[in-house]
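Using this note's numbering, you'd call the opening residue of the sequence shown number 1 and step up by one each time. A short write-up of the structure that comes next.
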Amino acid sequence: MKYQITVSNGDFKKTVMAKRGETLLNVLQENNLIGDFPCAGNGTCGKCRVRVISGVAEVTDEDRTHLSRREIEEGYRISCRLKITSPMEVSVSNVPQDYLILTQGKKQKIKIASPVKKCHIVLKKDDFNDGRSDLKRVSDSMGINRITANPAVLRDLNKKIKLSGCDFTVTTYNNTLIDVESGDTTSSKFGIAVDIGTTTVVSFLIDLSSGKIIDKEAETNSQRRYGADVISRIDFTDKNSDGTQILSNLIKNQINGMVDSMCTRSGVKRHNIYEMTVTGNTIMLHFFLGLPTKNIAVAPFTPIITEAVKFRAEEVGIKINGIVSVMPGIASYVGGDITAGILACGMMESNKYSLLIDLGTNGEIALGSSQGVTSCAVAAGPAFEGGNIKCGVGGVKGAIYSVDLDKPDICKTIGDEQACGICGSGVIDAVSELLKHDIIDYTGRFADKEAISNVDLRDRLIEDNYGRQFILAEKSQQGHPIVITQKDIREVQLAKAAVAAGIQVLLKESDVSCEDIEKVYVAGGFGSYMNIESALNIGLIPSELKDKISFVGNTAGMGAVLYLLSKRYREKAETITRRAAYIELSNKPEFQNFYIENMTFE
Numbered sequence: 001m002k003y004q005i006t007v008s009n010g011d012f013k014k015t016v017m018a019k020r021g022e023t024l025l026n027v028l029q030e031n032n033l034i035g036d037f038p039c040a041g042n043g044t045c046g047k048c049r050v051r052v053i054s055g056v057a058e059v060t061d062e063d064r065t066h067l068s069r070r071e072i073e074e075g076y077r078i079s080c081r082l083k084i085t086s087p088m089e090v091s092v093s094n095v096p097q098d099y100l101i102l103t104q105g106k107k108q109k110i111k112i113a114s115p116v117k118k119c120h121i122v123l124k125k126d127d128f129n130d131g132r133s134d135l136k137r138v139s140d141s142m143g144i145n146r147i148t149a150n151p152a153v154l155r156d157l158n159k160k161i162k163l164s165g166c167d168f169t170v171t172t173y174n175n176t177l178i179d180v181e182s183g184d185t186t187s188s189k190f191g192i193a194v195d196i197g198t199t200t201v202v203s204f205l206i207d208l209s210s211g212k213i214i215d216k217e218a219e220t221n222s223q224r225r226y227g228a229d230v231i232s233r234i235d236f237t238d239k240n241s242d243g244t245q246i247l248s249n250l251i252k253n254q255i256n257g258m259v260d261s262m263c264t265r266s267g268v269k270r271h272n273i274y275e276m277t278v279t280g281n282t283i284m285l286h287f288f289l290g291l292p293t294k295n296i297a298v299a300p301f302t303p304i305i306t307e308a309v310k311f312r313a314e315e316v317g318i319k320i321n322g323i324v325s326v327m328p329g330i331a332s333y334v335g336g337d338i339t340a341g342i343l344a345c346g347m348m349e350s351n352k353y354s355l356l357i358d359l360g361t362n363g364e365i366a367l368g369s370s371q372g373v374t375s376c377a378v379a380a381g382p383a384f385e386g387g388n389i390k391c392g393v394g395g396v397k398g399a400i401y402s403v404d405l406d407k408p409d410i411c412k413t414i415g416d417e418q419a420c421g422i423c424g425s426g427v428i429d430a431v432s433e434l435l436k437h438d439i440i441d442y443t444g445r446f447a448d449k450e451a452i453s454n455v456d457l458r459d460r461l462i463e464d465n466y467g468r469q470f471i472l473a474e475k476s477q478q479g480h481p482i483v484i485t486q487k488d489i490r491e492v493q494l495a496k497a498a499v500a501a502g503i504q505v506l507l508k509e510s511d512v513s514c515e516d517i518e519k520v521y522v523a524g525g526f527g528s529y530m531n532i533e534s535a536l537n538i539g540l541i542p543s544e545l546k547d548k549i550s551f552v553g554n555t556a557g558m559g560a561v562l563y564l565l566s567k568r569y570r571e572k573a574e575t576i577t578r579r580a581a582y583i584e585l586s587n588k589p590e591f592q593n594f595y596i597e598n599m600t601f602e
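Structure follows, in structure tokens:
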């Protein structure tokens, strides 16, 4: 039996059909009518809430956990636990949104040395009387001893020689013939660099002759509907036999669409894109290649691959005319994105130590110099990306990104729109401000209302079945206040303690002090919008490093560009992974000690 489900959001309204017994979330998800829900429908995040206007909606345990009594009375429900048993009309406030995505990063001047070469060849008729093969004529014209090619390209070579009157252009990749075109097309040589982030995907269209970035495209990762973090997505593939293929197809189709968009805008022909370099964390690269990830989620956390690999584009479902090169990673939870970041920052170019902190959906940290690199991964992303925060959202329009309790308007939102939630930089600001105004103490506990001297701030402290909460915005797009709860404070304490403890373990393992560190690079989408004073105030980064910090943007994307343009940087990437050590923090007793020490705000 099927029922009619009417979904509304403001002036928008759409009616879809749903099977009896199906969850409302599944219906909304299939019809792209709901935004992010970090737990992938497991009932633990509460972000898939809807308001039931009409229809049967029994109250579940998850509703009681994530919703206040008033919200339940007003018809709010957690849609992943709401089974459809009648026609329904629901209002959805958590709609799909575009993220503020960081595309820029630290720039470097490099000598271009791409493995892609184009050569314009003009043969004389007399050349065909010397007994050489067509392929030999090409290799001689290019000054190469030996060229290889597959049968399809050889057939095309023979065809083009006949049709073009001995005037043609060949394209090689590391001395393998990959394309033949009539006439002189040497100026048309392009590549793509892609950074597959857990939250966002960024791609760059590059002129391989000049190194110029022709265009770029950034989108929210289409896999987010199956979970905001990598563990949720691995869980999805574990529960669904075709889950890995679903996630793989999603990301490849998305990348192909991004390439289409850039080609349309720039006038570049897809046929003239000869290489794509791809970076990302180890799990994202496994999904891209359609590889199972279950073993990465359980000890001893074994990936199928962290090495650099190359494929013909058609082998991996990418629609370009050439090679797809996947960058090497370091370990299960420190992937090619960190290799790319180390490249972009030039960490191994100096004898002095530097620290790279990539605070995206996953927290990855690397300490290194020309002597080598030591790295680790910490579970910090969910809190800083809004996943475990009651009113947390990503970097979307309307997200509170800055908080200052001394100003009349205490919050700033992305796009100056009405608040819809609070993103990572806003969360750090909010906690820091609560500390500065003694609204929370060093343990993270909210003060008693009567102990707050500022009347305006005192009135913002409320209490309900969630416990004590501080109101940041009275009104929001969803119709309820945007708040920071006691549980949110605890989530921030857990996350900041993990990052701080991870840094301390790396320093101890490398026998390095804060004084020995010359530079601290803060990378990643969230990290680049963070108020450093707030981060220092809550103890996210050691205060001794204050004057050494610089924000370097999307280093993973820039590293992928360097890898695309230069054989030298490919060699550097191999050197990084060969000389990099990975510390599994769960095996280090001192991590637990540091973790506990950093839990408070002292």
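Note that CB positions come from ideal geometry on N, CA and C, so glycine has one too.
Beta-carbon contacts of residue i that lie in its chain and below 8 Å, excluding the five residues immediately before and after
{"i": "D612", "result": "Here the chain has residues from 1 to 602 only, and residue 612 is not among them."}
{"i": "I101", "result": "Note that I101 has pLDDT 43, beneath the 50 cutoff, so the model's placement of it is unreliable and no number is given."}
{"i": "Q245", "result": "G290"}
{"i": "A313", "result": "M276, K319, I320, N321, G322, I323 and V324"}
{"i": "T23", "result": "G41, S79, C80, R81, L82, K83 and I84"}
Residue i - containing beta strand (DSSP E), residue span
{"i": "C119", "result": "V116 to V122"}
{"i": "F12", "result": "F12 to K19"}
{"i": "L359", "result": "Y353 to L359"}
{"i": "K2", "result": "K2 to N9"}
{"i": "E590", "result": "First-last for E590: P589 to E597, but that is the alpha helix (DSSP H), not the beta strand (DSSP E)."}
Minimum C-alpha distance to residue i - residue among the options
{"i": "P408", "options": "G392, G394, T374 and N454", "result": "N454"}
{"i": "V324", "options": "V396, A149 and L564", "result": "L564"}
{"i": "F591", "options": "V138, V116 and L506", "result": "L506"}
{"i": "M599", "options": "A299, S222 and E491", "result": "E491"}
{"i": "L359", "options": "I330, L24, N129 and A495", "result": "A495"}
{"i": "V59", "options": "Q371, N593 and R77", "result": "R77"}
{"i": "V298", "options": "I5, L356, I400 and D235", "result": "D235"}
{"i": "K546", "options": "K572, K519 and Q486", "result": "K519"}
{"i": "K508", "options": "E307, D488 and T374", "result": "T374"}
{"i": "V378", "options": "S141, K125 and Y595", "result": "Y595"}
{"i": "T198", "options": "H286, I273, E275 and T176", "result": "H286"}
{"i": "C119", "options": "I112, S425, R132 and I144", "result": "I144"}
{"i": "E463", "options": "G444, G479 and V483", "result": "V483"}
{"i": "A228", "options": "A380, D215, E275 and Y582", "result": "A380"}
{"i": "Y582", "options": "D207, F288, G368 and T361", "result": "G368"}
{"i": "G46", "options": "E62, N32 and R233", "result": "E62"}
{"i": "D242", "options": "V170, V230, T293 and L163", "result": "T293"}
{"i": "N32", "options": "C48, R64, E433 and K572", "result": "C48"}
{"i": "K572", "options": "Q418, N587, E349 and A498", "result": "E349"}
Proximal residues to residue i (C-beta, below 6 Å), its chain only, five neighbours per side dropped
{"i": "D98", "result": "Residue placement at D98 is flagged as unreliable, the pLDDT there being 47, under the threshold of 50; a coordinate-derived value is accordingly withheld."}
{"i": "M284", "result": "I196"}
{"i": "S54", "result": "E89"}
{"i": "S8", "result": "S91"}
{"i": "V268", "result": "F190"}
{"i": "T485", "result": "K390, Y466 and Q469"}
{"i": "G317", "result": "K252"}
{"i": "S425", "result": "Y401, Y529 and M530"}
Bounding residues of the alpha helix (DSSP H) (the contiguous stretch that carries residue i)
{"i": "Y569", "result": "K567 to R578"}
{"i": "F288", "result": "T282 to L289"}
{"i": "R458", "result": "V455 to D459"}
{"i": "V259", "result": "G243 to S266"}
{"i": "C345", "result": "G336 to C345"}
{"i": "G426", "result": "G424 to K436"}
Neighbour flag for residue i against chain B, beta carbons, 7 Å
{"i": "M1", "result": "The chain labelled as chain B is not found in the depicted structure, where only one protein chain is given."}
CB contact flag (residue i, residue j, <7 Å)
{"i": "C391", "j": "G421", "result": "yes"}
{"i": "I414", "j": "K397", "result": "yes"}
{"i": "A523", "j": "V561", "result": "no"}
{"i": "T185", "j": "K117", "result": "no"}
{"i": "L435", "j": "F601", "result": "yes"}
{"i": "V138", "j": "D167", "result": "no"}
{"i": "I330", "j": "A501", "result": "no"}
{"i": "Y521", "j": "L356", "result": "yes"}
{"i": "S534", "j": "D429", "result": "yes"}
{"i": "L208", "j": "S266", "result": "no"}
{"i": "V393", "j": "C423", "result": "yes"}
For residue j and residue i, believed in contact at Cβ under 8 Å, the rounded distance
{"i": "N281", "j": "G341", "result": "Between G341 and N281 the Cβ distance is about 11 Å, and since that is not below 8 Å, they are no contact."}
{"i": "I273", "j": "N240", "result": "Contact doesn't hold; Cβ gap of about 33 Å is too wide."}
{"i": "I471", "j": "R458", "result": "Their Cβ separation, rounded to whole angstroms, is 11 Å, which puts I471 and R458 out of contact at 8 Å."}
Close beta carbons around residue i, own chain, < 7 Å, minus the five adjacent residues each side
{"i": "A18", "result": "K2, Y3, I5, V27 and I84"}
{"i": "D134", "result": "L157, N158 and I161"}
{"i": "I489", "result": "V431, I440 and G444"}
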